Structures are given as structure tokens and as C-alpha cells.
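Enquirer: Numbering (the UniProt record's numbering), first residue to last: 1 to 1100.
All C-beta atoms in this analysis are idealised placements derived from N, C-alpha and C, irrespective of residue type, glycine included.
Because the structure is a prediction, the values reported are computed rather than measured.
1) Just tell me which of 961, 707, 688 and 35 has its CA closest to the CA of residue 916.
2) Output the boundary residues of the alpha helix (DSSP H) element that contains residue 491.
3) If you draw a straight line from the C-alpha of residue 65 to the C-alpha of residue 582, how long is it?
4) Alpha carbon to alpha carbon, how far is residue 203 from residue 294? Give it in angstroms, no decimals.
5) State the CB to CB distance for the pair residue 560 and residue 538, rounded to an integer number of angstroms; the pair is presumed to be in contact (CB under 8 Å).
6) Spatial neighbours of residue 544 within its chain, please: C-beta separation below 7 Å, excluding the five flanking residues on both sides.
7) When you compare each of 450, 448, 473 and 491 to residue 464 by their alpha carbons, which one comes out closest?
8) Name the one or two DSSP bridge partners that residue 583 has.
9) Just verifying my parser: in three-state terms, what is the DSSP assignment at residue 49?
10) Going by other Cβ atoms of all chains shown within 10 Å of its Cβ, with 16 needed for buried, is residue 733 buried or exposed?
11) For the alpha helix (DSSP H) containing residue 213, list its first residue and its last residue.
12) Go to residue 101, then tell me how far its beta strand (DSSP E) extends in each direction, as first and last residue.
13) Is the Cβ-Cβ distance between residue 839 and residue 811 less than 9 Å?
14) Is the beta carbon of residue 784 sitting closer than 9 Å to the one on residue 809?
15) Report the three-state DSSP secondary structure of residue 567 (helix, strand or coil).
16) I'd like the ranges of any beta strand (DSSP E) spanning at least 3 consecutive residues and lying wholly in the region 479-545.
17) Take the Cβ of residue 1087 as the centre, count every other Cβ of all protein chains shown within 10 Å, and call the residue buried at 16 or more, exposed below.
18) Going by the beta-carbon positions, is the gap between residue 216 and residue 168 smaller than 9 Å?
19) Could you tell me which of 1051, 618 and 844 sits nearest to residue 643, measuring between CA atoms?
20) Report the three-state DSSP secondary structure of residue 700 (helix, strand or coil).
21) Cβ atoms of residue 183 and residue 148: under 9 Å apart, would you say?
22) Identify every run of the beta strand (DSSP E) within the region 683-743, keeping only runs that are complete inside it and at least 3 residues long; order them along the chain.
23) Cα separation between residue 1095 and residue 1040?
24) Using three-state DSSP, classify residue 930 as helix, strand or coil.
25) Could you check which residue in 670, 656, 630 and 655 has the C-alpha nearest to that of residue 649?
26) Just mark residue 1067 as buried or exposed, buried being the case when its beta carbon has 16 or more other beta carbons within 10 Å.
27) Taking the alpha-carbon positions, what's the residue 701 to residue 527 distance?
28) Could you name each continuous beta strand (DSSP E) segment of 3 residues or more that falls completely within the region 361-407, going from the start of the chain to the end?
29) So, with DSSP's three-state summary, where would you put residue 465?
30) Could you name each continuous alpha helix (DSSP H) segment of 4 residues or more that falls completely within the region 778-844, going from the start of the chain to the end?
31) Examine the Cβ distances between the region 345-357 and the region 403-415 and report whether three or more of them are shorter than 8 Å.
32) Leaving aside the five residues before and after residue 816 along the sequence, list all residues of the same chain whose C-beta is less than 7 Å from its C-beta, in chain order.
33) Mapping DSSP to helix, strand and coil, what is residue 674?
34) For residue 968 and residue 958, I'd like the C-alpha separation in whole angstroms.
35) At least one CB of chain C closer than 9 Å to the CB of residue 1007: is that the case?
36) Using the beta-carbon count (16 or more within 10 Å), is residue 1089 buried or exposed?
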């Protein structure tokens, strides 16, 4: 509900299934195309930005993929016709969830601004709006503006347009007064110097004129007043010395008159001391005189400012340098990240920052590569934490995250750093108990101890009592830290009055409390205690009374019961996640109306009737059986409507065409009747798996339609020609219906219009006629499925790279096509899935088949999505969805791929009338996963090159006229899981090496000339074979025994030689033997004496 919901709340009731995995599965090392596919699918399948953000956060992307996510999000935003706030809101959400994205977007800003001239005006505006949103919401730090240098020489027309749009949007978001206040913030003065340059009057005038010309002169008022008070001589002197200053930096004017902040301070003092308006105050006069005199110093006196500047520079203290070198010595640095740690000035070393005033080290940022945080190796420091850190007593900032401390414990001495404000040890491969001495760092405001989701080697804490001493703590992250025994964790957290953000995800927490006697968490905004196991009622609970919360994540935590009314008092709440809990309610709280995926059925809740301004409604999978008439009227203005996966009966209303929906999902229900005209603005229409019948409308009335899915219905009649005249249609799936007749086409003499179709699925109908000529007009076609129809005739000669350049999947199975396979078809570079089975094709299998380059690449499966992902098609989600529903005849059975069809490289020519031999170069198709030439009239021998198909998983050459021996190279097909060579004329001994020995006799029946295991027919001595398994076995045994004998003899000789030539060893050895002999002798005598005594006693 982008337009109507204050906070988009997602309540999902899930079936009672075993608990979900502890952490979403992550597949390391994915191909870039697959990464982009996964990201795009997640973004486009989410109902709004909040869901998208948290879906992406749950996926646990690898660090390299996190940067790919930011880049792709920016690319998607720039490709839109106009700026969509969805992308900015999603980026804002990602930055809130994980600070890594904040840094990644900062890199994107710098890179995008450096290439700003490459963007057209539309993209440039979208990018500027995107970053303006992030800046205005503080999702992106304002210091990124330091990448902009606003001078006449350093800007171009594109960069000026970018700056114009950026600041206009900032002004709209914040207001001119708030923007001016932000730009005057003394804490941020260093970041704006490159924009508001005051090093030269020319630059100052330029940016004053620039902002005035774009209607933002309000942010230049302060500088204008300052210029009025600046002595004229100072301005003249600055102008006359500009060239000299540019040539000799050592004589340039120092900072007192060059920054926005200092100018602001001067104006502030002037305002407070206005006794004599005609003359500038003394402070301003001093600064002006200093600015005039410094450039006039001669070279002879140049040492004076140099000395002054040196006194202001950071200088390294000796003990700080020694401590840093000791720290460096304890690390193994595979990528030489600490290579700059040499020389006297340690303040200039990488990751080190010193105090300008004292020279003490105050910041140490040795964070590893965020792309390798989850990897044990990679670009990271490895070793143990040095005790020398204790020498840095003024240290305020310590970041050692994403390094490898080799499962060592967090050292106790960290509690001896009293000045620390920031401590980040996340993803550091630490193990053991968290030292309670961390509670001694009383000034700490940021603490991140995120561990790993491993069942072993976990960080843990017996209790959290040490946290109560951190009264200044604002940000606490302890995800995956084992807190199973921390029973009083709520009370300890309640002792942190400044806490704003708390993440305790998957910590093994078991106990919660219904309420807090006195809540100190008055400023807590983000609470994530997801993936714990409380097994108690959801209410009462302590967090329902924290009215400052904006984000609450309690999925899945074993909560059950009804949603409490207290949620209505949480006025600041923007996001709440309940999925995976057993929430059951017959009545929804009246204050809680922004609901999705809650089990509401069997009727639509009556209170929804009053929500006339809702723009986004998703009530899918909620057990609704009927929809009242008022529903279609109340939500006629909604842009997004999803009622899928229910049991809704009845017909679709005739007023459907008057609705304003852009996306409408009515799939997987029980709708009956005819298909009505669609809403005029709809772009995505999903009606699959209903019981709709009758013919399709002659006019769909939806000129903007991009995706139409009507599969698995009872629709009859013919396909109207108007369907192929939709200019924006990319996805069309009418499979599984009763459609008949021919597919409409254009006249031969007409000039056909190029269409946008990417996916066409018409299988399992009664369509007839020759191969449709209309597909010649769709050069972007990637997926074409005409299987299980009644098409006939020859395949056209135009069916090749010229008209179908990126066709990747072609299924013509079970039709009545005949003739030869056209050579042009084998020239399509992207074709990786070709299914021509169960037709009447004849002739020989063309040798040019081996030219299918997508089948000849080891990464051939990835090209199926290359063209789509890299061009960012709007219907990407649907395209991937259809690829994941393909049925493939492989491994001797019909398999329906629910996912991963894009990895299948398949060639199926079975059940035709092909003759001749198998192409000798068939081994060139090294990416093949499945090869089926069965039920043809193919003769000749199986090519030896077939052994090159290392990725082959299924091979079926049965029911042909193949002769000769089975090639020994087939022993190398280690991936082969199913093989069928039955009913041919093969002869000779069956190879038994490697995987060939795993097939039973059923794989070879019908070949009277074959012999050897697993067949009962023995081979005669004259039988030729390229493989003698018995000999191999004997040789292996002989080699084993021979090796053992040689090893024993050599070892014995080594021992004897040592005893012979090493006197000390010989003495020690024989003394040891004597001692053991005496012990054994004494032991035997004692036991004999005892035995005799017992025998004597028995005789008496």
C-alpha cells in the first residue's frame, strides 16, 4: 500500500511444518549473471520496498554480492522512464539494516559522479533523485558530497545538471531552512569545502551565481553577508595572488578564511557584536589581515608558516608507533594491506588516525574486505590480537571486523581501553566466552560482536550482566552469539537507557518476560530478536509497550496466540514481521489494518470496505472462498491487487476493465466464466490455474500489457490477432488450454512490426498449421514452447540467427513436423535447449549441430539469461518463473524442473525418423547434460568423441541400428547417471571402468553381440576389447602387495642402520629392551607363583 499505508505490515501464517533452517541458504561463488538474476528476482517479486529489503537481508548475500546489489539497484533506477521512489526507499531500508550497504552506496556515488557525462538526461535525473533521497533521509552520509568540486573548470553541463537536481530534491525534502542549517553544521564543515569553495573569489562567485540561477539563492545568503563585511583590499589581494597561489602551494592562504564553517562562525560573531555596523568586528579584521599577509611572505620567511603548519599537523607519538608495529608483527598479511606501516609518521599509515591536538592514535580501522567476511581465508588479516593495543589508551575507534583471529577468544585486555566509543569485532572468527571485562568500557556507544551461524566454534555469553555498565551504548549487535543460558537478558538490556538499535538474531534465546516494571528503553527504534525459540504467547510481552519502535522483527520465534491491541499504541512503528509464528485470530485489532498474508478467510474482512484509499492490497493465501461485489468497487483505484492462492469461486466482474490496477494477480483460485476485458492500465495480469472457459476477448483493452499468464484453464476458440498487436507484451503463456486453429500472422507482402515478446508458451493445446510466421517479428524471443499441439510441415529456413538471434529454449515436442533440420537453426549461438522429439523429422542428423555454441561451452547454461539480465527487462520475474516450470524428458522419465532449468543443456531428437550416423564431432558439445537420440533409424558406430561430454548426466541411444563396440572413452563419463543402449546391434566386451561398472544388464538388452559383466554371456578368448577389467584388478593387487613388501624392507633397513651407526641410539635401544625383558620376567614369575599357590590350595 505505497500510497495508503503508513507502514507496510506483513503477517504471514504458515502451515505447521518443521522449523525453518537456522539461516537462509547461501551459495558461495555464484556466477555474476546468477547473482543479478537472484537480486532482480527478489526485488521484482516483492510487493514493496520494505519486503524487498528484508528479503535481500535474509538471503545473506556474500559481500561481493552486496556490492552487486547496490550497483544493480542503481542501474534499475536509472533505467526507469521517470524516477520511482521505490528504489530510493529500498536503498534506504538496506542502509538501515546493514551499514555495509551505506559504504557500498557511497562508492556507487563516487563512481557514478566520475562517469556522470556518460548518462543521458533521463538517467541522470533518476540517479540524482536516488542519491538525494538517501542524503535527505541520512541513509547516506553527507560526506559523499566531498566528491563534488563545484568550479567552472571542474564541472561540465552534465555534472551541473546533476548538482542542480540533487540540491533541488534536497531542498524539497528538507526545506531551504533545514538545508541551510545542515550545510552550516560545524561537524560537517570539511565535507562541503569542495562545493562551497572560498579559496578564490572567482570560485566563490561561480557557485553563488550557480545556486542563485537554479533558484536556491537562499543557501548563499550567509556568504553574501560575509562578502559585504570583507575588506575590499582583501578581495583584491586574493584575486591578484590567485596565480601565484596556484603555482606555489606553500604560500597559499590557510584554512581560517577558506571554509564554509569559519565564514559562518565569523558571521555569527558579527551578529552578536554589532556595536559599530560600519566596521567589521575585530575577529573578522584579524582573519582578513591574516589572509592578506600570509601570501606576501617572501621565500626567506616561508619557514614561518611551514613551522606553524607543522605544529598543527598530526605527529606520531613514539609509544603509539611502537604499539602499532607490535600489532603488525602478530598478523599474517597475505595481501600486504599493512605495507604502508613503515617510516616515522604512523599517523599517515593505512587505517590509522591520530588526534590533531595531541598526536595520540584515536582511530584504528583494520576492517577486512567485506566481500570475504564469511570466508575463512581471502583478503583479511590472520593471527591473534596483540596485547600492545593496551598502549593505545586514547583509542576511541577500533574496527577489526572481517578478519581471521583463528578461533581465538576475545581478549580480556580490551576492557582496559577506557576511551573506546566504537568497537566492532564482527565476523572475526572468535570463539569462546565474551569477556565480561568489556563492561568496563563505560563510554562505549557502538558494539558489534556478530558471530557465525555455525553449530560449533560459537561465541557465547553465560549472562549479560556486564552490559548494564555500558550506559552510553546506542547500537548493540550480537547476532549468532549463543545466549542460551542468559535467562535475564531482557532485564539486562533494560539497563541501557541510550539504546537505539538492538540485534539479537538467532542467539538461542528461550525466555522472555510479559512486562517491565519500569522500562528504560524509551529511545529504542530497532528491535530484531528473530530466529529464537521462546515458545510462549505473543502477548503479553515486554516489547509491546515500547512506543518508540519503528522496526520490529520477531519471526519465527515460536510465538502463538492473538495479536494484542497494544500494537495500536505503537504510533512510530513502520515495519513489523511476524512470519513463521503460529498466530491465530478470529478478529483483527481495529487499529491494525495494513495486513497481508494473514489467514482471514473464508470471507473478506468487512472492515476492508472502509479502506477506499488503499493503493496496494495483498491478501494472497488467506483461505478466502468468496469475494463480495463491493470488493471490486472499493478497490477499483488500487494499483496492486493480489488475491492469489485462495479458493475463490464465481465469475470475474464485467467492470474489471474500469479498474485502475497495474498489477493484478487472480491466479490459483476457482474463478469460472469467460475472460473479460482487462483494466486499461494493467501491465501484469495473472489468471493461471483457474477454471475460466470460453473464447478469449477479441480486444483485451490493455495497451500497456507486458505479461499475460492464462495457463491451466479451460479456454477454447482461437487466439485473437489483437493479442500479438500489443506493443509492450513480453510474456505470453496460454498453455494447458483447449485453444485450436492456427496462430494469426501478418500478410506476406506487408511490412511486419517488430514485437517485444521474450517468452511464448503455447504447449498442450490443439493448435495447428505450419510453424507460425509471426515469430519472425520477435528478435528478442528467448523461450518458445509449441509442444503437444498439432503443428505440421517443415521448419522454415528463416528460423535462424537472423530473426531469432537470442533464442535459448525451443520445444517442438509431440507435433507433426517433418522434413530436415534446417542448417540455419544450428547457427543460433544462444540455443542450449532443443527438443524436437516425437515428430516426423527425417534425413541425417546434421553435422552442423555441433556448432551450437551454447552447448559447447562449459558455462553454457548461463547464457540463457545473459541477454535478459544484462538488459534489465521489466518482466524478469515472469521470465525466470517460466523457465522454472519446464518439463524435461531426461534420465528415462519426465522430470518437471521446479528450479534450475536455466542450467539444463538438453538435446532431444528422439522418436523421429533420423537416419545415418551420429556426427563424429558430437563430443564438441561439452556442456550437454542430457542427450537423447532414441527411437530413430541411426546406424554406424558410437563416436569415440562421446567421451568428451564430461557433464553428461543422461544418455539414451536405444532403439536404433547402432553397431560396433561401446567406446572405451565412455568410461570417463563420471557424471553419467542414466544410460540406455538397448535394442541396437552393439557387440564386443562391455567396458567396466569407472561409472560403466554401475549399470545393470537392463541398460544393454537387445544387443546380442555384447558380452561380459553385467551380462551373463561370457566373452570368448577371441573377443576384442579395449578394456580387460580382470587384468586391471590383478595388476592392482600385485602392485599393492609389492609396495607393502618394499616399504617393510626399507623401513627395517632404516632402523637397523640407525642402530648400527648411532651409538647413543643403540645403547638406549638395548637398555630399553633389557628393562622390558626384566619387567616381563618378573611379572611372569609372580603370576606363576600365584597360580601355584591357588592350585595347592585347591588340592587340599
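Expert: With the structure as the only source:
1) Nearest C-alpha to residue 916 among 961, 707, 688 and 35: 961.
2) 489-493
3) 33 Å
4) With a pLDDT of only 40 at residue 294, under 50, the local geometry of the prediction cannot be trusted, and the value read off the model is given with reservation. Going from the Cα of residue 294 to the Cα of residue 203 covers about 20 Å.
5) 7 Å
6) 564, 566 and 567
7) Measuring from the Cα of residue 464, the nearest candidate turns out to be 491.
8) 561
9) helix
10) buried
11) 201-213
12) Per DSSP, residue 101 is not a residue of any beta strand (DSSP E); the alpha helix (DSSP H) it occupies stretches across 99-114.
13) no
14) The Cβ-Cβ distance between residue 784 and residue 809 falls below 9 Å.
15) In the structure shown, residue 567 sits in a helix (DSSP, three-state: H, G or I).
16) 501-503 and 526-528
17) exposed
18) yes
19) 618
20) coil
21) no
22) 684-686, 707-709, 731-733 and 740-742
23) 51 Å
24) strand
25) 670
26) exposed
27) 47 Å
28) Qualifying beta strand (DSSP E) stretches, in chain order: 361-365 and 397-399.
29) helix
30) none
31) no
32) If we look at residue 816 and ignore the five residues flanking it on each side, its Cβ neighbours are 790, 791, 792, 839 and 840.
33) coil
34) 18 Å
35) Going by chain labels, chain C is absent from the structure shown, which holds only one protein chain.
36) Taking a 10 Å sphere around the C-beta of residue 1089, we find fewer than 16 other C-beta atoms and assign the residue as exposed.
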